[in-house]
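The structure under discussion appears below in the form of structure tokens.
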Amino acid sequence: MPGHAVKRAMGSALCLLAVAGCASLPDTDALLARHTAQTVRFENARGSISARKSAAVLAQLKRKSGDIDILEKQIALEQAIVGSPLILGNKVELLQDGAATYPAMFAAIRKAQDHINIESYIIEDDEIGRQFADLLLQQQSRGVQVNLIRDSFGSVNAPKAYFERLAQGGVALLEFNPINPLASKTPWLINNRDHRKLLIVDGKTAFIGGINISNVYSSGSTARRGGNAADNNIAWRDTDLQLEGPVVGELQKLFMQTWEKQHGKPLAQRDYFPELKPQGNEIVRAIGSTPDDPYSLMYLTLISAIGNAEKQVYLTNAYFVPDPQLLKALTDAAARGVDVKLILPSHSDSEVVFQAGRAHYSELLRGGVKIYERGGALLHSKTALIDGVWSTVGSTNLDWRSFLDNDEINAVIIGREFGQKMQAMFDADLAASQEIDPDSWEHRPLKFRFKEWMARVWGRLL
101 MPGHAVKRAM GSALCLLAVA GCASLPDTDA LLARHTAQTV RFENARGSIS
151 ARKSAAVLAQ LKRKSGDIDI LEKQIALEQA IVGSPLILGN KVELLQDGAA
201 TYPAMFAAIR KAQDHINIES YIIEDDEIGR QFADLLLQQQ SRGVQVNLIR
251 DSFGSVNAPK AYFERLAQGG VALLEFNPIN PLASKTPWLI NNRDHRKLLI
301 VDGKTAFIGG INISNVYSSG STARRGGNAA DNNIAWRDTD LQLEGPVVGE
351 LQKLFMQTWE KQHGKPLAQR DYFPELKPQG NEIVRAIGST PDDPYSLMYL
401 TLISAIGNAE KQVYLTNAYF VPDPQLLKAL TDAAARGVDV KLILPSHSDS
451 EVVFQAGRAH YSELLRGGVK IYERGGALLH SKTALIDGVW STVGSTNLDW
501 RSFLDNDEIN AVIIGREFGQ KMQAMFDADL AASQEIDPDS WEHRPLKFRF
551 KEWMARVWGR LL
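Counted from 1, the sequence shown has number 486 at position 386 by the numbering used here; the numbering is strictly sequential.
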């Protein structure tokens with residue numbers, strides 16, 4: 101879709117304008133060394149559980165997962181990095197593509213009794229956007245409070261009238277870091293964008309992932325259409341989660357923090373933090389990354405997870421413009437015998453980002469990393485599966501912009517049962533992908549090399 105590509109190009113230009121504010125990534129080795137191992141901590145619907153019960157939960161996890169070291173090492177280190185606990189008792193449903201995600205969202209919105217909180221990078225005034233608007237206004241008229249955060253830059257294509265209609269219907273609106281500095285209630289941080297996709301209903305059900313509010317996600321990725329990546333008719337491949345249980349409270353806190361830091365008007369009094377009972381058996385950690393922190397929590401979490409991997413590192417990502425530390429983590433893992441596989445796009449809505457990612461293929465292939473390009477759909481997923489037991493789904497791309505400039509949101513799920521669902525999804529994407537052959541890649545045409553070199557120059561700004 102043209103809007104996605106234009107936003108990428110404009111984002112690079114904005115970073116040039118604000119280059120003094122473009123921070124650098126942290127020294128991950130130093131930070132990880134600083135976070136010494138601590139006792140793994142779990143919480144349930146009633147709060148923290150005892151050290152004895154936490155040890156029992158961990159022991160059971162390791163028994164089910166084959167005593168993989170990543171469980172104890174990674175979740176303790178991740179806890180020290182992020183600060184949020186692992187939450188027990190959640191139900192997590194894996195949703196593939198907008199064709200599955202939108203109906204689930206609409207069903208949850210229709211059942212709302214108290215409030216609906218939405219945070220989205222892109223909101224379009226198209227068929228899907230209008231379906232959302234109609235449902236939200238309908239619920240608002242029934243007395244359900246709707247609060248909506250939109251990114252000013254990501255939703256720039258939506259006309260003013262779209263949001264005026266929502267406001268007139270009683271929906272509380274917040275524009276994240278307005279492009280117009282005169283409209284900003286905070287210091288003008290044009291390069292800090294809200295890239296999160298979050299929907300929370302009644303404080304009990306949440307959706308997160310890579311899917312924005314736009315028609316481009318409507319068709320499932322199994323509908324193999326031809327055409328340009330900017331064509332609305334091409335299928336988009338994306339992943340979301342529907343979560344129920346105590347972890348929804350952690351996601352609600354992240355929404356509230358964004359509303360507060362952007363100085364939104366006081367929210368209507370509602371039961372934003374209801375008592376949450378166990379809904380399932382999944383163990384989940386919510387991770388919100390923001391440039392307000394000294395470093396990206398998701399970036400450091402991912403680097404440490406790859407560093408602790410013993411068997412497999414399987415990454416699927418839409419925008420791959422890695423920094424040197426991520427490249428090293430991947431090649432180091434492959435060097436110690438870990439099966440490292442990347443599923444990346446075979447075409448993109450951003451040609452520059454696509455070529456910048458390909459510019460790193462040679463180094464990765466020489467380091468033993470296997471690379472596959474997803475065909476039949478435009479890949480927009482942001483997921484990872486490590487050792488079959490550590491999974492993440494969210495909004496974070498593997499590029500500098502996600503790690504340095506954006507507010508992002510991810511869920512980390514611990515356990516082999518959910519990992520098996522992630523594995524099945526990865527295998528299906530792998531079957532629809534073409535492996536990059538190292539020998540053939542080294543003999544690619546000069547014109548491809550030139551495009552990659554030109555794009556790599558812009559890598560930090562993408």
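All C-beta atoms in this analysis are idealised placements derived from N, C-alpha and C, irrespective of residue type, glycine included. Every value quoted in this text rests on a predicted model; they were computed, and no experiment measured them.
So if DSSP puts residue i in a beta bridge, which residue, or which two residues, is it bridged to?
{"i": "phenylalanine 420", "result": "Leu498"}
{"i": "lysine 482", "result": "Asn417"}
{"i": "serine 220", "result": "Arg250, Lys297"}
{"i": "aspartate 338", "result": "Paired residues: none, contrary to the question."}
{"i": "valine 384", "result": "Ile187, Ile513"}
{"i": "lysine 370", "result": "Per the sequence shown, the amino acid found at residue 370 is arginine instead of lysine. Beta-bridge pairing links arginine 370 to no other residue."}
{"i": "leucine 376", "result": "DSSP output for leucine 376 lists no bridge partner at all."}
{"i": "aspartate 439", "result": "Gln412"}
{"i": "isoleucine 308", "result": "Leu298, Leu341"}
{"i": "threonine 492", "result": "Ala484, Val512"}
{"i": "glutamine 455", "result": "None, per the DSSP bridge assignment."}
{"i": "proline 445", "result": "Arg474"}
Counting only the same chain and skipping the five closest in sequence on each side, list residues whose C-beta sits under 6 Å from that of residue i.
{"i": "threonine 496", "result": "Met398, Lys482, Ser502, Glu508, Asn510"}
{"i": "lysine 470", "result": "Lys441"}
{"i": "glutamate 552", "result": "Gln455, Arg458, Ala459"}
{"i": "glycine 269", "result": "Leu237, Gln240"}
{"i": "glutamate 143", "result": "Pro185, Ile187"}
{"i": "glutamine 245", "result": "His215, Ala368, Arg370"}
{"i": "arginine 293", "result": "Asp251, Phe253, Asn506"}
{"i": "aspartate 439", "result": "Gln412"}
{"i": "valine 301", "result": "Ala208, Ala212, Ile216"}
Quick one: is residue i buried, meaning 16 or more other Cβ sit within 10 Å of its Cβ, or exposed?
{"i": "glutamine 534", "result": "exposed"}
{"i": "threonine 492", "result": "buried"}
{"i": "glycine 243", "result": "exposed"}
{"i": "alanine 524", "result": "exposed"}
{"i": "glycine 183", "result": "exposed"}
{"i": "leucine 498", "result": "buried"}
{"i": "serine 150", "result": "exposed"}
{"i": "glycine 229", "result": "buried"}
{"i": "leucine 546", "result": "exposed"}
{"i": "arginine 134", "result": "exposed"}
{"i": "glutamine 160", "result": "exposed"}
{"i": "phenylalanine 373", "result": "exposed"}
{"i": "threonine 139", "result": "exposed"}
{"i": "glycine 147", "result": "exposed"}
{"i": "serine 540", "result": "exposed"}
{"i": "aspartate 393", "result": "exposed"}
{"i": "asparagine 190", "result": "buried"}
{"i": "leucine 282", "result": "exposed"}
{"i": "aspartate 234", "result": "exposed"}
{"i": "histidine 543", "result": "exposed"}
{"i": "lysine 304", "result": "buried"}
{"i": "asparagine 280", "result": "exposed"}
Would you grab the beta carbon distance between residue i and residue j for me? Rounded to a whole angstrom, and I think it's under 8 Å.
{"i": "leucine 266", "j": "leucine 237", "result": "7 Å"}
{"i": "glycine 407", "j": "glycine 380", "result": "Their Cβ separation, rounded to whole angstroms, is 30 Å, which puts glycine 407 and glycine 380 out of contact at 8 Å."}
{"i": "isoleucine 383", "j": "leucine 125", "result": "That pair is no contact at about 29 Å."}
{"i": "glycine 567", "j": "isoleucine 311", "result": "Because the chain here runs from 101 to 562, residue 567 falls outside it and cannot be looked at."}
{"i": "alanine 405", "j": "glutamine 174", "result": "5 Å"}
{"i": "isoleucine 308", "j": "aspartate 338", "result": "That belief does not hold up - the Cβ atoms of isoleucine 308 and aspartate 338 are roughly 12 Å apart, past 8 Å."}
{"i": "lysine 285", "j": "glutamine 362", "result": "7 Å"}
{"i": "alanine 145", "j": "lysine 428", "result": "Contact doesn't hold; Cβ gap of about 40 Å is too wide."}
{"i": "leucine 485", "j": "leucine 430", "result": "Not confirmed; about 14 Å, so no contact."}
For chain B, is any of its Cβ atoms less than 9 Å away from the one on residue i?
{"i": "glycine 269", "result": "Absent here is chain B; the protein component of the structure consists of one chain."}
For residue i, collect the residues of the same chain with a Cβ closer than 7 Å to its Cβ; drop the 5 residues on either side in sequence, then sort them by chain order.
{"i": "valine 489", "result": "Ser165, Ile168, Ile170, Leu171, Ile514, Gly515, Arg516, Gly519"}
{"i": "aspartate 225", "result": "Ala258, Pro259, Tyr262"}
{"i": "threonine 128", "result": "Leu400, Ile403, Gln425"}
{"i": "alanine 555", "result": "Val452, Gln455, Ala456, Ala459"}
{"i": "proline 422", "result": "His460, Leu498"}
{"i": "serine 220", "result": "Arg250, Lys297, Asn312, Ile313"}
{"i": "glutamate 473", "result": "Leu444, Pro445, Ser446, Ser533, Gln534, Ile536"}
{"i": "leucine 299", "result": "Met205, Ile218, Ala306, Phe307"}
{"i": "asparagine 315", "result": "Glu224, Asp226, Glu227, Ile228, Asn332"}
{"i": "alanine 409", "result": "Ile170, Ala433, Val438, Ile486, Asp487"}
For residue i, which residues from the same chain have a beta carbon less than 8 Å from its beta carbon, with the 5 sequence-adjacent residues on both sides left out?
{"i": "threonine 359", "result": "The sequence shown places tryptophan at residue 359, not threonine. If we look at tryptophan 359 and ignore the five residues flanking it on each side, its Cβ neighbours are Asn247, Ile249, Leu274, Leu367."}
{"i": "valine 565", "result": "Because the chain is modelled from 101 through 562, residue 565 falls outside the range shown and cannot be assessed."}
{"i": "lysine 521", "result": "Leu194"}
{"i": "serine 318", "result": "Gly198, Ala199, Tyr202, Glu227, Ile228"}
Cβ contact check for the region 366-379 and the region 511-529: 3 or more pairs under 8 Å: no
Stretch pair the region 346-359 + the region 380-391: three plus CB contacts closer than 8 Å: yes
Cβ pair count under 8 Å reaching 3, the region 429-436 against the region 525-533: no
Touch test, the region 192-207 against the region 153-164, Cβ-Cβ under 8 Å, three pairs minimum: no
contact_flag[the region 213-231, the region 413-420] where n(CB pairs < 8 Å) is 3 or more: no
Segment contact flag, the region 273-286 with the region 249-260, C-beta cutoff 8 Å, min 3 pairs: yes
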